[in-house]
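Trainee: Here the sequence shown is numbered in our numbering, starting from 15 and rising by one per residue. All residues carry an ideal CB built from backbone N, CA and C; glycine is no exception.
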Amino acid sequence: MPEQELRDVFGRAVGDAAPDLGLLIAGAAAEGRALRARRRVALAGTVAAVAALAVAGGLLLRPTAPAVTAAAGPETLAPVPAASISLPPGKTLLTGPAAFHTLLSLLPEGLGADGWTDDSASARGRVAVVVRASLRHERTASAADGSSYGDVGASDGGVGGTEAGAVAGSGPESGSGAGTVEARIQYPATPPQGSAGGYDCAGHPATEDCAPITARPGTTGVVTTARDASHRIVRRVDLLTPDGVRVVLLATGTAERAPLIDRDTLLKMALSPTWQPVIGLDEARAAAQKFPTGPRPGSSPAPDATVLGGPQAAVGGGLR
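#1: In whole angstroms, what is the alpha-carbon distance linking G294 and P202?
#2: With distances taken from CA atoms, which of H218, T204, G267, S100 is nearest V261?
#3: Using CA atoms only, rank isn't needed, just tell me which of L253, G258, D257, E270 is closest to L264.
#4: Expressed to the nearest angstrom, what Euclidean distance is found between the alpha-carbon atoms of T239 and G129?
#5: Hey, how far is the Cα of R47 from the Cα of I39?
#6: Would you mind giving the Cβ-Cβ distance between R146 and T131, rounded to the nearest angstrom? I have them listed as a contact below 8 Å.
#7: Using a Cβ-Cβ cutoff of less than 6 Å, which residues in the same chain neighbour F305 once the five nearest sequence positions on both sides are dropped?
#8: My output table needs one value for D278: the three-state DSSP class, helix, strand or coil.
#9: Residues in its own chain within less than 7 Å of R21 by CB, not counting five upstream and five downstream?
#10: For R52, count the other beta carbons within 10 Å of its own beta carbon; 16 or more makes it buried, fewer makes it exposed. Which is it?
#11: Nearest by alpha-carbon distance to P103: which of T268, A302, D296, Q18 is it?
#12: Between which two residues does the alpha helix (DSSP H) carrying E196 extend?
#13: Identify which residue in L125, K105, T106, A225 has its Cα closest to the Cα of P273.
#14: Using the Cβ count rule (16 or more neighbours within 10 Å means buried), how would you classify D214?
#15: Enumerate in chain order the residues of its own chain whose CB-to-CB distance from A301 is below 6 Å, with the five nearest sequence positions on each side excluded.
#16: To the nearest angstrom, how far is the alpha carbon of S244 from that of A192?
#17: Can you tell me the Cα-Cα spacing of L49 and T60, whole angstroms?
#18: S119 by DSSP, collapsed to three states: which one?
#19: For my contact list, A197 and L285 are in at a C-beta cut-off of 8 Å; report their separation, rounded to the angstrom.
#20: From D276 to A220, what distance separates their C-alpha atoms?
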């Protein structure tokens with residue numbers, strides 16, 4: 015049917031009838047809702063696609079983790095660096111001559127030194143001082159007739175225990191025959207090892223006379239009396255101060271005679287606050303001039319040829 019005829023037929027059919035506006039509005043609203051729904055779906059799909067691309071891109075750009083291979087042997091840990099001393103200006107590590115000077119100042123009245131040796135091995139910010147002196151037993155003021163000598167080693171009261179095999183008293187000997195005294199100063203400290211038995215008397219052999227140190231709070235240690243491999247009588251104080259300084263003093267006699275320093279005196283000497291790992295540089299230089307042996311203060315320290323804490327003899331050598 016031609017377009018004009020179709021228009022005329024619709025015109026005659028409708029005539030003057032007014033359109034239903036409610037139906038027109040409802041239809042338009044439904045069409046709008048459908049259009050908006052389609053747009054939301056399309057937008058959500060676009061966002062999801064972009065997010066997926068971003069995640070995929072991040073995974074592609076992420077560095078690949080290295081391949082894990084089995085270790086060839088057991089795991090080894092890197093050694094922990096040992097603590098060291100930071101020296102302020104004008105200070106230096108304790109030297110052998112300075113330690114010997116301190117040892118001399120602490121000797122009881124009536125005793126002197128015929129000679130001394132320095133086996134110190136301080137290096138790399140660690141104090142490892144070992145000095146040893148040959149004792150000389152001098153006459154006391156009470157020896158009016160010249161036949162009596164001071165009995166420095168007679169009393170061991172106040173420390174606890176007895177000294178099996180010790181012969182109290184001593185004669186007019188001098189030099190190595192009169193015995194020796196030794197000081198070992200270590201900082202930072204390592205605990206006693208091997209036959210030293212530690213700071214618990216329960217760990218010491220039954221042949222030793224051992225008593226714990228209780229004279230000063232915060233200080234741990236023991237006082238022992240025993241015979242060394244040469245059957246000499248050895249009194250030993252081994253203590254650790256609250257500041258982490260290890261002080262070991264040994265007084266050695268002979269197979270027949272007790273050391274010239276009794277245990278109470280030896281303990282008092284070890285507890286002296288004058289044992290310090292760091293001293294003034296002027297003090298170290300003065301001691302080096304007065305007792306010229308060992309490295310001069312301020313010079314390059316010798317390598318650790320002697321390691322404190324290794325197996326040593328009961329008298330002499332490093333700390334054990």
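Mentor: In terms of the structure at hand:
#1: On the sequence shown, residue 294 is found 280 positions in, with the first residue counted as 1. On the sequence shown, residue 202 is found 188 positions in, with the first residue counted as 1. Roughly 19 Å between the two C-alpha positions.
#2: As a first step, residue 261 must be located in the sequence shown, where it is residue number 247. Cα-wise, what sits closest to V261 is T204.
#3: Locating residue 264 in the sequence shown gives position 250, where the first residue counts as 1. Selected option, being the one with the closest Cα: L253.
#4: Position 225 of the sequence shown holds residue 239. Position 115 of the sequence shown holds residue 129. The alpha-carbon atoms of T239 and G129 are separated by roughly 24 Å.
#5: If you number the sequence shown from 1, residue 47 lands on position 33. If you number the sequence shown from 1, residue 39 lands on position 25. Computed Cα separation, rounded: 12 Å.
#6: Counted from its first residue, the sequence shown places residue 146 at position 132. Counted from its first residue, the sequence shown places residue 131 at position 117. Between T131 and R146 the Cβ distance is about 5 Å, and since that is below 8 Å, they are a contact.
#7: Locating residue 305 in the sequence shown gives position 291, where the first residue counts as 1. P111, F114, listed in sequence order.
#8: Sequence index remark: in the sequence shown, residue 278 carries index 264 (1-based). Reduced to three states, the DSSP call for D278 is helix.
#9: Here the question's residue 21 lines up with position 7 in the sequence shown. Closer than 7 Å at Cβ, skipping near neighbours: no residue.
#10: Here residue 52 refers to the residue found at position 38 when the sequence shown is read from its first residue. Burial call: exposed.
#11: The residue given as residue 103 occupies position 89 in the sequence shown. Per the Cα distances, D296.
#12: Taking the sequence shown and counting its residues from 1, the one referred to as residue 196 is at position 182. From DSSP, E196 is part of no alpha helix (DSSP H) but of the beta strand (DSSP E) over 194 to 201.
#13: Here residue 273 refers to the residue found at position 259 when the sequence shown is read from its first residue. Taking only the C-alpha atoms, the option nearest P273 is L125.
#14: Residue 214 sits at position 200 when you count from the first residue of the sequence shown. Label assigned to D214: exposed.
#15: The count along the sequence shown starts at 1 and reaches residue 301 at position 287. Result list for A301: P111, A112, H115, in chain order.
#16: Taking the sequence shown and counting its residues from 1, the one referred to as residue 244 is at position 230. Taking the sequence shown and counting its residues from 1, the one referred to as residue 192 is at position 178. Rounded to whole angstroms, S244 to A192 spans 15 Å at the Cα level.
#17: What you label residue 49 is simply residue 35 of the sequence shown in a count that begins at 1. What you label residue 60 is simply residue 46 of the sequence shown in a count that begins at 1. Each residue's Cα considered, the two are about 17 Å apart.
#18: Start at 1 with the first residue of the sequence shown, and residue 119 comes out as number 105. Reduced to three states, the DSSP call for S119 is helix.
#19: Here residue 197 is taken as the residue at index 183 of the sequence shown, counted from 1. Here residue 285 is taken as the residue at index 271 of the sequence shown, counted from 1. In fact, because the Cβ distance is near 13 Å, the residues do not count as touching under 8 Å.
#20: The residue you call residue 276 lines up with position 262 of the sequence shown. The residue you call residue 220 lines up with position 206 of the sequence shown. If I take the Cα positions, the gap works out to 21 Å.
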